[in-house]
Structure formats: structure tokens, C-alpha cells
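Trainee: Per my numbering, the sequence shown starts with residue 21, numbered consecutively.
Glycine is no exception: its CB is placed at the ideal position from the N, C-alpha and C atoms.
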Amino acid sequence: MQSIGFGMQLMFYVSIGLGFIYAAMRFYMYIILVTFKLNTYKIIKNSFIFALLGIKRNLLAFIGILLTISINYFFYMMFPPIGVVMPFIITFSLCAFISAYAVYPIIKKYMIIPYYPDADKQPESDVEPVFVDRG
Numbered sequence: 021m022q023s024i025g026f027g028m029q030l031m032f033y034v035s036i037g038l039g040f041i042y043a044a045m046r047f048y049m050y051i052i053l054v055t056f057k058l059n060t061y062k063i064i065k066n067s068f069i070f071a072l073l074g075i076k077r078n079l080l081a082f083i084g085i086l087l088t089i090s091i092n093y094f095f096y097m098m099f100p101p102i103g104v105v106m107p108f109i110i111t112f113s114l115c116a117f118i119s120a121y122a123v124y125p126i127i128k129k130y131m132i133i134p135y136y137p138d139a140d141k142q143p144e145s146d147v148e149p150v151f152v153d154r155g
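Now the structure itself:
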């Protein structure tokens with residue numbers, strides 16, 4: 021039996037790492053595509069940068085998605101009618117929600133807030149408020 025060389029193992033793990041980064045980039049691509057007007061090159065470039073910046077959130081999103089899929093698989097094995105219907109009702113939408121929930125704070129921090137530097141400042145008005153919070 022012939023053993024696999026170091027170069028083959030290195031390329032195997034590099035390809036797994038690149039696959040993980042590409043999967044994380046896809047989370048960001050969809051949100052950037054609908055939020056900003058950018059060309060394809062900039063969408064891919066920003067998705068790559070954000071995938072590296074938000075690596076912790078990406079890992080948690082992958083864990084959440086794997087947990088969702090494993091629960092779906094469990095229901096498919098234990099209760100086949102529920103397991104067949106569940107992907108069409110919950111699984112796809114929950115996975116999309118998990119990915120959007122994980123990536124939006126990173127996009128907001130690095131792309132939205134710097135674009136509007138004065139968004140936190142409220143303009144002063146001369147009108148008295150009708151209600152006052154006393155709580």
C-alpha cells in the first residue's frame with residue numbers, strides 16, 4: 021500500500037480551506053449584491069475580504085447550518101413524513117436567515133457605517149417634544 025505524499029496532503033487541506041472560504045464568501049455575496057451597486061469584481065473582492073474579517077461569525081454560521089441540516093436528517097430518519105416536508109418549510113429559509121444574521125454586522129461595520137459618517141448625529145430642532153420619557 022502506497023502512502024500519500026506530503027505535497028498531496030498539503031494540496032488536500034489547501035483545497036478544503038479554499039472551499040470553506042468560498043462558502044463563506046457566498047454568504048456575503050448575496051447581501052452585498054442586494055445592498056450595494058457594485059460590479060462583479062468588487063463583489064467578489066469584498067466578499068473575500070469580509071470572509072476573512074468575519075471568520076468567527078462564519079464558523080458559527082456554518083455550525084448553525086450544519087445543526088439545522090442534522091436536525092432535518094434526524095427527523096427524516098425518525099419521522100419520514102415530517103422529514104420530507106421540513107426542508108421545504110423550514111430548512112432552506114432558516115439556513116438563509118442564519119447566514120444573513122451572521123454576515124450583516126460585518127457589512128454594516130465596514131461598508132455601511134463608514135459611508136454615512138454623520139448618521140449617528142441627530143439634528144437639533146427647536147420643537148419641544150410632545151412626550152417625555154420619565155422611566
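Out of curiosity, what's the CA-to-CA distance linking M28 and G37?
Mentor: When rounded, the distance between both Cα atoms is 14 Å.
Trainee: Under three-state DSSP, which class holds F40?
Mentor: Note: F40 maps to helix in three-state DSSP.
Trainee: Please classify N59: does DSSP put it in a helix, a strand, or coil?
Mentor: Three-state result, N59: coil.
Trainee: When you compare only the Cα positions, how much space is there between Y48 and P134?
Mentor: Looking at the two C-alpha atoms, the distance is approximately 18 Å.
Trainee: Might you give, ordered along the chain, the residues of its own chain that have their beta carbon closer than 8 Å to the beta carbon of D153, omitting 5 neighbours on each side?
Mentor: Correct list: empty, nothing qualifies.
Trainee: Ordered along the chain, which non-local residues of its own chain (more than five positions away) have a Cβ less than 8 Å from that of Y93?
Mentor: If we look at Y93 and ignore the five residues flanking it on each side, its Cβ neighbours are G103.
Trainee: Does the beta-carbon of M21 have 16 or more other beta-carbons within 10 angstroms, so that it is buried, or is it exposed?
Mentor: Confidence in M21 is poor, its pLDDT being 49 and thus under 50, which makes the residue's placement unreliable; the coordinate value appears in the next sentence. It counts as exposed.
Trainee: On the criterion of 16 or more Cβ atoms from any shown chain inside 10 Å, does F95 qualify as buried, or is it exposed?
Mentor: Burial call: buried.
Trainee: Can you tell me where the alpha helix (DSSP H) with K76 in it begins and where it stops?
Mentor: Start and end: 75 to 98.
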